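For the sequence shown, the working numbering begins at 179 and goes up steadily by one. Don't be surprised by glycine CBs; every beta carbon is placed ideally from N, CA and C. This structure is a prediction, so every number in the text was calculated from the model and none was measured. Notes follow the structure.
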Amino acid sequence: MTPDPAAVARWLRTRPARGAGIHVLAVEGRSGAGKSTLAAAVAAALTAPVVRMDDLYDGWDGLQAGVDALLEWVLRPLGRGGRARWRRYDWTRGRYAEWHEIAGADAVVIEGVGSGAREAGPFLSGLVWLEAGEEVRRARALERDGELYAPHWRRWAEQEERYYARHDVRSRADLIIVTG
């Protein structure tokens, strides 16, 4: 099934705004489920910025650090009516790089594993879960990131397993979309 980004954007606008009147959408699912594609299309329909969890993780073992950064740098400041400000992780150099900022947005889309963490819940207007089979997801992820990701697929999948066991994101999702 191909998700309808315009329908997701319309649905989000019907949801309660959080904090300082901002509609925050989390697009969750395992690696290769199609989160980045849907998030970009929904953000375009909303004229909203996208915060990518890939920019927040502290390397291949940094899923929890990414969740912490999301809360500290993005969600809590937006919830207080402030500016979201985060550093992008440079995967090639293995360290955080330049700062990015969001101010004045009435909607924000956050995409990636960790965006729907339990602690993020009070800041979210909506949580979308994307689902696809492992072979489909692996093929998509390796096509997207190729040799950079291939040696880390299992390592990252194990972090996902631990994270989803703790946060049970799928059962808390407002929308579930099967992408393959």
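Legend entry - Buried versus exposed, by CB contacts within 10 Å (16 or more), G210: buried
Legend entry - With 16 other Cβ atoms within 10 Å as the buried cut-off, status of G304: buried
Inset, instruction - Give the DSSP-derived three-state secondary structure of V286 in the structure shown. - result: strand
Inset, instruction - With DSSP collapsed to three states, give me the class of R322. - result: helix
Legend entry - Close beta carbons around G207, own chain, < 7 Å, minus the five adjacent residues each side: K213, W307, L308 and E309
Legend entry - Where the beta strand (DSSP E) through R266 begins and ends: A262 to D268
Inset, instruction - Please confirm if the region 180-189 is in contact with the region 316-334, defined as three or more CB-CB distances below 8 Å between the two stretches. - result: no
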